[in-house]
Amino acid sequence: MIELPVVPAVSQVQRKPDWLRVKLPIGKEYAHVRGLVDEHKLHTICESGNCPNMGECWGAGTATFMILGNICTRSCSFCAVATGRPLAVDVDEPNRVATSVKLMQVKHCVITSVDRDDLKDGGSIIWAETINAIRRESPETTLETLLPDFRGNWDNLARVLETRPEVVSHNLETVRRLTKEVRIQAKYDRSLEALKHVSEAGLRTKSGIMLGLGETEEDLLKAMDDLLAVGVHILTLGQYLQPTRNHHPVIDWIHPDQFARLKQIGLDKGFKYVESGPLVRSSYHAEKHLFEI
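First residue of the sequence shown: 1, per full-length UniProt numbering; consecutive thereafter.
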């Protein structure tokens, strides 16, 4: 396992603002989704990423599936997903995910994955097989794919894009100035290039940025312009929450009024849809990113 950099203990004494409180996951629909995830041995970013909206989304009968295992080859300082040497690829995973999507009667399905830099294809074969399996089992289900950058191997990216998901997302995560600190093995311009390939393929293109990592408004506005320049249609903005004391500290708590102001700025700049709020995550209200544009 790769150890993440230890941050000063003082960062742990910050109390979360009241607007970041969420309800505990309860209810029959939540229990139903919980049972399916456990029965079919599925991974969800809802759990692995400690998402604060898990109760709301699972309660509505939706989940974001994470394929290619739950161990990532990268060690981003913001991310709660485990880092280390992944297990072998599970060739039956596409069928299990597709079966679960059918059983859950999901109308709009979000798929993401860990980074698999250990694989020559970057996991793109399993990506394509999973999408195709869902299409076969649930032809009415629409799809959003939250893709890695495939280390700049655009043939691997093209393999996934050929399946034509309704929405394709790749998160910029943070501003240019903080990328080396926050996304240790990623590159700001490589992410922009990945998004450009998605846009040029004629697909609905989406990206997300976390706030509270130490960025300035000038940094953020420049990142918005960079995303628009490569054809991104949909932007999500949310508050970064520190998973453990070994992860990057929260530098700022962004007030809901500021998120509302940034949403309007994004729309004025030209994004077709902006989801902006303290608890917003990439797949939060994802169905709106398809149907409300």
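Even glycine gets a Cβ: it sits at the ideal position worked out from N, Cα and C.
Please report how far the alpha carbon of residue i lies from the alpha carbon of residue j, in whole angstroms.
{"i": "L211", "j": "A98", "result": "34 Å"}
{"i": "V182", "j": "Y273", "result": "26 Å"}
{"i": "R96", "j": "D268", "result": "42 Å"}
{"i": "D189", "j": "G69", "result": "27 Å"}
{"i": "T174", "j": "A186", "result": "11 Å"}
{"i": "I67", "j": "E93", "result": "7 Å"}
{"i": "L192", "j": "M104", "result": "34 Å"}
{"i": "L241", "j": "H255", "result": "14 Å"}
{"i": "L157", "j": "L279", "result": "29 Å"}
{"i": "D90", "j": "R151", "result": "21 Å"}
{"i": "S199", "j": "G231", "result": "5 Å"}
{"i": "R21", "j": "L262", "result": "21 Å"}
{"i": "D257", "j": "R85", "result": "42 Å"}
{"i": "E39", "j": "K180", "result": "39 Å"}
{"i": "H233", "j": "T112", "result": "19 Å"}
Ignore the nearest five residues each way along the sequence and tell me which others in residue i's own chain have a CB closer than 8 Å to its CB.
{"i": "E137", "result": "A98, T99, V101 and K102"}
{"i": "L290", "result": "H108, T142, E144, E166, V167 and R204"}
{"i": "G35", "result": "none"}
{"i": "R176", "result": "Y188, D219, K222, A223 and D226"}
{"i": "C79", "result": "G49, C72, P243 and H247"}
{"i": "G178", "result": "With the sequence shown as reference, residue 178 is identified as Leu, and Gly is not the correct amino acid for it. Counting only Cβ-Cβ distances below 8 Å, and skipping sequence neighbours, we find L213, G214, E215 and D219."}
{"i": "I251", "result": "G212, L213 and G214"}
{"i": "Q266", "result": "It should be pointed out that residue 266 corresponds to Gly in this sequence rather than to Gln. Contacts found: M224, L235, L237, V274 and S276."}
For residue i, count neighbouring C-beta atoms within 10 Å of its own C-beta (all shown protein chains included) and say buried if the count is 16 or more, exposed if not.
{"i": "A260", "result": "exposed"}
{"i": "residue 303", "result": "No answer is possible for residue 303: the residues shown for the chain start at 1 and end at 293."}
{"i": "Q264", "result": "exposed"}
{"i": "D18", "result": "exposed"}
{"i": "V248", "result": "Note that residue 248 is His in the sequence shown here, rather than Val. It counts as buried."}
{"i": "A194", "result": "buried"}
{"i": "E122", "result": "First, the residue type needs correcting, since residue 122 is Gly and not Glu in the sequence shown. When all chains shown are included, G122 counts as buried."}
{"i": "L87", "result": "exposed"}
{"i": "G238", "result": "buried"}
{"i": "G270", "result": "exposed"}
{"i": "E275", "result": "buried"}
{"i": "A229", "result": "exposed"}
{"i": "K206", "result": "buried"}
{"i": "V13", "result": "With a pLDDT of 45 at V13, under the threshold of 50, the modelled position of this residue cannot be trusted; read the value that follows with caution. Exposed, because fewer than 16 other Cβ atoms sit within 10 Å of the Cβ of V13."}
Can you list, in chain order, the residues of its chain with a C-beta nearer than 7 Å to that of residue i? Leave out the 5 residues immediately preceding and following it.
{"i": "T163", "result": "A128, I131 and N132"}
{"i": "V160", "result": "S124, W127, A128, T145 and L147"}
{"i": "A201", "result": "L161"}
{"i": "K196", "result": "V230 and G231"}
From the DSSP secondary-structure annotation, give me the bridge partner or partners of residue i.
{"i": "T142", "result": "H108"}
{"i": "T64", "result": "V110"}
{"i": "T83", "result": "C72"}
{"i": "G277", "result": "None, per the DSSP bridge assignment."}
{"i": "K206", "result": "S169 and I234"}
{"i": "Q239", "result": "L211"}
Here's a check: name, in chain order, each residue in its chain whose Cβ is nearer than 6 Å to the Cβ of residue i, leaving out the five neighbours to either side.
{"i": "S283", "result": "T64 and V110"}
{"i": "G208", "result": "N171, T236 and S282"}
{"i": "W253", "result": "P17"}
{"i": "V106", "result": "T141"}
**OP:** Report yes or no: do three or more beta-carbon pairs, one from the region 141–150 and one from the region 212–219, lie closer than 8 Å?
**Re:** no
**OP:** Inspect the CB distances between the region 72–87 and the region 117–127 and report whether three or more fall short of 8 Å.
**Re:** yes
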